[in-house]
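Notes to accompany the following structure.
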Amino acid sequence: MKLVLGVIFVAIFGYELTQYYCSNSRGEPLSNYTFPDDFKFGVATASYQVEGAWNLNGKGENVWDRYTHTHPEKIVDGSTGDIACDSYHKYKEDVALCKELGVDFYRFSISWSRLLPTGFISKVNRDGSDYYSKLIDELLSKGIEPMVTMFHWDLPQPLQDLGGWANPKLQDYFYDYARLLLQLYGDRVKYWITFNEPKNVCRFAYGGPLLAPAVDSKAVGIYECAHTILKSHGQVYKMYDEEFRRSPEGKMGISLDMMFWMVPATDSELDKEAAERSLQFNFGWFANPIFGSGDYPEVMKKFVGRRSSFEGFKQSRLPTFSKEELDEIKGSADFLGLNMYSAIEASHVEFENSTDEISMDVDIQASYKFQPEWETAASWWLKVVPWAFKDTLTWVKRTYENPTIIITENGISDKGGNEDYNRVKFYELYLNAMLEAMNEEDVNVIGYTAWSLIDNFEWSDGYTNRFGLYSVDFESPERTRSPKLSAKSYKEIIARRRLPEETVQIPITQRLSARLSLDEVVPSSSTALTHSIQLTLILILTALLHSIH
Ligand code: BGC
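The following block contains the structure:
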């Protein structure tokens, strides 16, 4: 009898209670490196993902408005960003959260259609220009630097109707829009980012169905899109540099994504080359013209050129820059914004001897898969591989001659809830990897941005996956924000300018977890209730065991 009760006891409570009551909740040691005094911390959001007010006060329609309204089936939960976090009305609350965290800057993006409803400079929406002016003033009044992204994916629909970024004319319209932004806010904004993740825009909005407007042109439009964006970036940087840079403190950069750090699948030369080639096709595509030799990577020219001629094209599908354009683009950034997320394994694929499919994927001649042991976030593509961050930073440093880097996004998704131990752990491990790169490889990282300040509209995942440090109650008209554990731990890291000695030790699947040594952490009432029921049962079982004795 005693044995049976003992087994039941251990089976039911042993694991979780050992975790909860006996462990100190911290496991893997973290390095002792500290953040330099002038290191800047921030948080980020993007207009379509948080603002809502999609058709209020003169705002025009953008590609995401059109896409979510006409193709709800393309969004996992059929949702839209019509209201999203309602940051249009609640921006002061968002700024208050930034203040609470103690961040140095807030990275947000401007909705082109809120400012220019038709996309063109001829009609400025006064309400839109006031909105961003108030947001910037609110931030500055709280001692927080605005970091402004000019384009975070929400292109005005009238410009898409002309072909969007695949149309070279967009360069002129972006120039007009950027000029207006610099005129309106250039006196108050020191950090500018022209484009967010142009690779994802071109690959997934012009080369497939993941992002709006989901144009299916994976062999041609995809490269034309990048070409227009690179020229637009170069031209706007030149304008900024020549006319609008107010002080040496004024900076303009671009945010490029390392959605996947590429790991060779085997030690073979072919797989190593496939991994490097994949980095060049995904990252070097934009980084090499701006931060590298000043043109598309040689390997891209070679591989796209060879396939294009095999397919019968007179010219490579990869466009070419004029000498003047190359000069304008090369060196056109004061910092490299790096968005870091995941990793994947790359293997070599032989030259395809058929023209059945023509696409960038075929051009690259690589195939991909995830290592099964990598932990997965709620987003299928997001694997938790902290060392990939260190490898990425080291590679970027070596490949682009040690650029100044600001991490403009890094974060993890889950299914929601404020006890987000996985996010706490993720930030600790990724920040640790970044500190190692800075201290052991001398990578010049001057700032870090957590994605995201608040849960928001996660593109084709709708509201099913959450990235926020603060949760948002999307059921409530108030869109109430509340802090998650990760907000508290990020705040603590910023204040102490160092990581805890050990990372929180919570497996990704475990819900009931150890106490964190965070000052204000209070278990939610449901967790507390579960634990008190468990304790009561323990007492009863213990008494039973005693009586048998
Ligand atoms: C984008 C964000 C997005 C995040 C998570 C980044 O690629 O810039 O807008 O929410 O990844 O998917």
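Throughout the sequence shown, residue numbering follows mature numbering (1 follows the signal peptide of the UniProt record, and there is no 0), covering -18 to -1, 1 to 531 in sequence. Every residue, glycine too, gets a C-beta built ideally from N, C-alpha and C.
Any idea if residue i is buried or exposed, counting beta-carbon neighbours within 10 angstroms, 16 or more meaning buried?
i, result
"LEU481", "buried"
"GLN353", "exposed"
"PHE333", "exposed"
"LYS305", "exposed"
"TRP441", "buried"
"GLU355", "exposed"
"PRO267", "According to the sequence shown, residue 267 is Trp rather than Pro. Buried is the call here."
"LYS351", "exposed"
"ARG461", "buried"
"MET434", "Here residue 434 is Ser; the residue named in the question, Met, does not match the sequence. Looking at its Cβ environment, which holds 16 or more other Cβ atoms inside 10 Å, SER434 is buried."
"GLY(-5)", "Summary for GLY(-5): the model assigns pLDDT 40, below 50, so the residue's position carries little reliability, and this model does not support an answer."
"THR16", "exposed"
"SER464", "exposed"
"LEU141", "buried"
"GLN297", "exposed"
"PRO230", "exposed"
"LYS41", "buried"
"SER395", "buried"
"TRP135", "buried"
"LEU144", "exposed"
Rounded to a whole number of angstroms, what is the C-alpha to C-alpha distance between residue i and residue j?
i, j, result
"MET129", "ARG89", "4 Å"
"SER260", "GLY110", "40 Å"
"ASN37", "MET234", "30 Å"
"SER29", "LYS56", "20 Å"
"GLU383", "GLY398", "40 Å"
"PRO138", "ALA160", "14 Å"
"ASP443", "PHE102", "30 Å"
"ARG380", "GLU251", "20 Å"
"GLU310", "LEU212", "10 Å"
"ALA35", "ASP68", "7 Å"
"ARG48", "ALA196", "11 Å"
"ASP20", "VAL425", "15 Å"
"ASP64", "ASN421", "44 Å"
"THR431", "TRP243", "18 Å"
"ASP402", "THR52", "34 Å"
"GLU127", "SER91", "14 Å"
"ASN182", "MET322", "13 Å"
"TYR409", "MET240", "17 Å"
"THR131", "VAL366", "26 Å"
"LYS470", "GLU179", "28 Å"
"ASP198", "SER104", "31 Å"
Give every residue of the same chain whose Cβ lies closer than 7 Å to the Cβ of residue i, excluding the five residues on either side of it in the sequence, and list them in chain order.
i, result
"ARG299", "ALA201, VAL202, TYR205, VAL286, SER290"
"GLU120", "TYR73, LYS74, VAL77"
"LEU411", "PRO368, THR485"
"ALA477", "GLY84"
"ALA187", "LEU193, ALA194, PRO195, ALA196, VAL197"
"ALA370", "TRP243, ALA325"
Considering just the uninterrupted stretch of the alpha helix (DSSP H) at residue i, what are its terminal residues?
i, result
"PRO180", "180 to 187"
"TYR278", "Taken as a continuous stretch (DSSP letters only), TYR278 belongs to no alpha helix (DSSP H), as it is neither H nor E."
"LEU163", "152 to 167"
"SER260", "251 to 261"
"LEU467", "467 to 478"
"GLY110", "108 to 123"
"TRP441", "Careful: TRP441 lies outside any alpha helix (DSSP H) and carries neither H nor E."
"ARG380", "368 to 381"
"TYR70", "69 to 83"
"VAL197", "Looking at the DSSP string, VAL197 is not in any alpha helix (DSSP H), and its letter there is neither H nor E."
"GLU484", "Per DSSP, GLU484 belongs to no alpha helix (DSSP H); it is in the beta strand (DSSP E), 484 to 486."
Looking at the secondary structure, which residues open and close the beta strand (DSSP E) in which residue i lies?
i, result
"LYS351", "348 to 351"
"VAL25", "22 to 26"
"VAL427", "427 to 433"
"TRP243", "233 to 246"
"THR390", "387 to 392"
"TYR88", "87 to 91"
"GLY216", "Counting along the chain, GLY216 falls outside any beta strand (DSSP E), though it belongs to the alpha helix (DSSP H) covering 203 to 221."
"SER324", "317 to 330"
"THR131", "127 to 133"
Report all residues from its chain with a CB closer than 6 Å to the CB of residue i; omit the five preceding and five following residues, and keep chain order.
i, result
"LEU320", "ILE387, ILE389"
"SER214", "GLN153, PHE156"
"ALA315", "GLY235, ILE236, ILE272"
"LEU166", "SER111"
"THR337", "GLU293"
"ARG479", "THR16, PHE17"
"SER468", "ASP402, ARG405, VAL406, LEU451"
Closer than 8 Å by C-beta to residue i: which residues in its own chain qualify, once you throw out the five before and the five after it? Chain order, please.
i, result
"GLY60", "PRO54, GLY444"
"TYR70", "GLU33, GLY34, ALA35, LEU38, TYR113"
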